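Q: Every number in this note's numbering is 7 more than the matching position in the sequence shown, counting from 1.
For each residue, glycine too, the CB sits at the ideal point set by N, CA and C.
This structure is a prediction, so every number in the text was calculated from the model and none was measured.
Below you will find the structure I want to go over with you.
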Amino acid sequence: MRFVGEKIDASIDAYLKPVETNWQPADFLPDTTRETFLDEVKQLRESTRELSYDYVAVLVGDTITEEALPTYESWLMDMEGVNQAEPNSWTRWIRSWTAEENRHGDLLNKFLYLSGRVNMRAMEVSTQYLIADGFDIGTGRDPYRNFIYTSFQELATNVSHRRTATLAKQAGCVQLSKICGVIASDELRHAKAYKAFVSQILEVDPTGMMLAFEDMMRKKIVMPAHFLRETGVKISETFSHFSDAAQRLGVYTTMDYIEIAESLLVDWNIESVNDLSDAGQRARDYLMALPGRLRRVAERTKVPMLEYPFSWIAA
């Protein structure tokens, strides 16, 4: 962590944007100070009418996931090698990353509020539950496993937001398409940063990182909102229905999971990593064979077609 931390300041400049020049939620929403505000809100509401039930459910789930950032920041702050009582480059990275990510939930929340399509109280209850329940992504305090996870997860959210952007445009909701597009762009920049951290660690501890990668893929990369729930619904049950809706829409599918895993194998040049112990070599063999195994399983998997009545959907 000290080795990688020496380069973090450069990473902040390369992968995060200056606050003053970065976009803010207000840039994509009706301006409350203008006389045309109510007309703009009316146009926004009209533009969301063609968004499907599943689409709205997925967008709400994405919003709740983005708004649980206090959990994600506190988790990363607890990694080995990070001490927020003694600020260093790592604490600066985590706080700056969190600050950029925080805009995503703010923007989507306000858009959904103005859209009139969502039961906001039900959504807010789910957000509070998700933060209160916390999460367990299988990484512990290990930075290696955490950076594998964040690399994968940032790529997954990039895919999800890009797809919601495309579907919004097809439904005639251009404003929402732009919103999802800029969020997706952030996620891709952040993915590049976390992938770079893993690449740097592979240079100095290839076996340790290889074993961490294998462990995370054996456990499977669970989404940060896997404890998502609604009032009166068991933990994870709501997430299961949310995932089904995302699969039906093609927003995020099992094949996307597999393709992200494959892309990481290529980006980190896993096949050619040298100086591995016997355990590291076995881990590499497992990882290289994994996408093929997952594809065979995916081909036999069917997505439930029944829509689930989410408490979040108002119209």
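Does VAL125 come out as helix, strand or coil in the three-state DSSP assignment?
A: Sequence index remark: in the sequence shown, residue 125 carries index 118 (1-based). The answer is strand: DSSP assigns VAL125 an E or B state.
Q: Thinking C-beta only, is SER284 closer than 7 angstroms to THR214?
A: In the sequence shown, residue 214 corresponds to position 207, counting from 1. In the sequence shown, residue 284 corresponds to position 277, counting from 1. In contact: THR214 and SER284 (Cβ atoms closer than 7 angstroms).
Q: With DSSP as the reference, please indicate the residues paired to ILE320 in a beta bridge.
A: For the purposes of this step, residue 320 is taken as the residue at position 313 of the sequence shown. Per DSSP, VAL125.
Q: With H, G and I counted as helix, E and B as strand and the rest as coil, what does DSSP make of GLN177?
A: On the sequence shown, position 170 is the one that residue 177 refers to. GLN177 falls in the helix class under three-state DSSP.
Q: Would you mind stating whether LYS226 and GLY145 have Cβ atoms separated by less than 7 angstroms?
A: Within the sequence shown, the letter at position 219 stands for residue 226. Within the sequence shown, the letter at position 138 stands for residue 145. Yes. Within cutoff.
Q: How about ILE190 and TRP100: are their beta carbons less than 7 angstroms apart?
A: The residue given as residue 190 occupies position 183 in the sequence shown. The residue given as residue 100 occupies position 93 in the sequence shown. Contact flag unset, no.
Q: Less than 8 angstroms between the CB atoms is what I'm expecting for ASN109 and THR70, so what's the real figure, rounded?
A: Here residue 109 corresponds to residue number 102 of the sequence shown, with the count starting at 1. Here residue 70 corresponds to residue number 63 of the sequence shown, with the count starting at 1. Incorrect: roughly 13 angstroms between the Cβ atoms, too far for contact.
Q: May I have the straight-line CA-CA distance separating VAL65 from ALA252, to the nearest angstrom?
A: In the sequence shown, the residue the question calls residue 65 occupies position 58. In the sequence shown, the residue the question calls residue 252 occupies position 245. Their Cα atoms are separated by approximately 7 angstroms.
Q: For THR157, which of ALA198, ILE186, ARG124 has the nearest alpha-carbon?
A: Along the sequence shown, one-based indexing puts residue 157 at 150. The option with the nearest alpha carbon to THR157 is ALA198.
Q: Between which two residues does the alpha helix (DSSP H) containing PRO213 stretch?
A: On the sequence shown, residue 213 is found 206 positions in, with the first residue counted as 1. From DSSP, the alpha helix (DSSP H) with PRO213 extends over 213–226.
Q: Give me the residue from VAL310, PHE220, ARG148 with the minimum Cα distance to TYR323.
A: In this structure the chain extends from 8 to 322, so residue 323 is not present and cannot be described.
Q: Using a 10 Å radius around the Cβ and a threshold of 16 neighbouring Cβ atoms, would you call PHE44 buried or exposed?
A: Taking the sequence shown and counting its residues from 1, the one referred to as residue 44 is at position 37. Exposed, because fewer than 16 other Cβ atoms sit within 10 Å of the Cβ of PHE44.
Q: With a 10 Å radius around its C-beta and 16 neighbouring C-beta atoms as the bar for buried, classify VAL280 as buried or exposed.
A: Numbered from 1 along the sequence shown, position 273 holds the residue referred to as residue 280. Taking all protein chains shown into account, VAL280 has 16 or more neighbouring C-beta atoms within 10 Å of its C-beta and is therefore buried.
Q: To the nearest angstrom, report how far apart THR164 and PHE246 are at their CA atoms.
A: Numbered from 1 along the sequence shown, position 157 holds the residue referred to as residue 164. Numbered from 1 along the sequence shown, position 239 holds the residue referred to as residue 246. When rounded, the distance between both Cα atoms is 15 angstroms.
Q: Using 7 angstroms as the threshold, is the C-beta distance between PHE323 and ILE267 below it?
A: Absent from the model: residue 323. The displayed extent of the chain is 8 to 322, so no value can be given.
Q: Using alpha carbons as the reference points, say which of ARG291, THR261, VAL166 lies closest to ALA219.
A: As a position in the sequence shown, residue 219 is number 212, starting the count at 1. Comparing Cα positions, the closest option is ARG291.
Q: Who are the Cβ neighbours of VAL132 in its own chain at under 6 angstroms, not counting the five residues just before and after it?
A: For the purposes of this step, residue 132 is taken as the residue at position 125 of the sequence shown. Excluding sequence neighbours, VAL132 sits near THR238.
Q: Which residue spans inside the segment 242–272 form an unbroken alpha helix (DSSP H) run of at least 4?
A: Fully enclosed alpha helix (DSSP H) runs of 4 or longer: 244–256.
Q: The alpha helix (DSSP H) with ILE15 in it runs from where to where?
A: The count along the sequence shown starts at 1 and reaches residue 15 at position 8. Per DSSP, ILE15 belongs to the alpha helix (DSSP H) from 15–22.
Q: Whose C-beta lies closer than 6 angstroms to the C-beta of LEU36 among residues of the same chain, with five residues either side of it excluded?
A: By 1-based counting over the sequence shown, the position of residue 36 is 29. Closer than 6 angstroms at the Cβ level, and outside the excluded window around LEU36, lie LYS117.
Q: Pick out whichever of MET86, ILE277, LEU271, ILE265 has its Cα sitting closest to the Cα of GLY299.
A: Indexing the sequence shown from 1 puts residue 299 at position 292. If we check each option's Cα against that of GLY299, ILE265 comes out closest.
Q: Identify which residue in TRP104, MET295, ARG289, ALA286 has its Cα closest to the Cα of VAL276.
A: Counting from one through the sequence shown, the residue named residue 276 turns up at place 269. Strictly speaking, residue 276 in this sequence is Asn, with Val absent from that position. Answer by Cα proximity: MET295.
Q: Take LEU114 as the anchor and find which of ASP34, GLU87, GLN91, SER54 has the nearest alpha-carbon.
A: Taking the first residue of the sequence shown as position 1, residue 114 is located at position 107. For LEU114, the nearest C-alpha among the options comes from ASP34.
Q: Could you spell out the range, first to last residue, of the alpha helix (DSSP H) harbouring TRP82?
A: By one-based count along the sequence shown, residue 82 stands at place 75. Segment 76–84, the alpha helix (DSSP H) holding TRP82.
Q: Between which two residues does the alpha helix (DSSP H) harbouring VAL11 extend?
A: For this step, residue 11 is matched to residue 4 along the sequence shown. Note, VAL11: alpha helix (DSSP H), 9–12.
Q: For a test of the three-state rule: what should DSSP assign to VAL67, helix, strand or coil?
A: On the sequence shown, residue 67 is found 60 positions in, with the first residue counted as 1. DSSP, read as helix, strand or coil, puts VAL67 in helix.
Q: Report back the beta-carbon spacing between GLY123 and ARG52 to the nearest angstrom; my notes put them in contact at under 8 angstroms.
A: Along the sequence shown, read from residue 1 onward, the residue named residue 123 stands at position 116. Along the sequence shown, read from residue 1 onward, the residue named residue 52 stands at position 45. Indeed they touch by this definition, with Cβ atoms about 5 angstroms apart.
Q: From ARG302 to LYS309, what distance separates their C-alpha atoms?
A: Working through the sequence shown from its first residue, we reach residue 302 at position 295. Working through the sequence shown from its first residue, we reach residue 309 at position 302. Going from the Cα of ARG302 to the Cα of LYS309 covers about 13 angstroms.
Q: May I have the straight-line CA-CA distance separating PRO32 from LYS49, to the nearest angstrom?
A: For the purposes of this step, residue 32 is identified with residue 25 of the sequence shown, where counting begins at 1. For the purposes of this step, residue 49 is identified with residue 42 of the sequence shown, where counting begins at 1. Roughly 18 angstroms between the two C-alpha positions.
Q: Would TYR22 and ALA200 qualify as a contact pair, given that the criterion is a beta-carbon distance under 7 angstroms?
A: Position 15 of the sequence shown, counting from 1, holds the residue named residue 22. Position 193 of the sequence shown, counting from 1, holds the residue named residue 200. Contact flag set, yes.
Q: List the whole-angstrom C-beta distance separating TYR293 from GLU210, where the pair is believed to meet the contact cut-off of C-beta under 8 angstroms.
A: As a working mapping, residue 293 is identified with position 286 in the sequence shown. As a working mapping, residue 210 is identified with position 203 in the sequence shown. TYR293 to GLU210, Cβ: 22 angstroms. No contact.
Q: Indicate the three-state DSSP secondary structure (helix, strand or coil) for GLY145 in the structure shown.
A: Numbered from its first residue, the sequence shown carries residue 145 at position 138. Correct three-state label for GLY145: coil.
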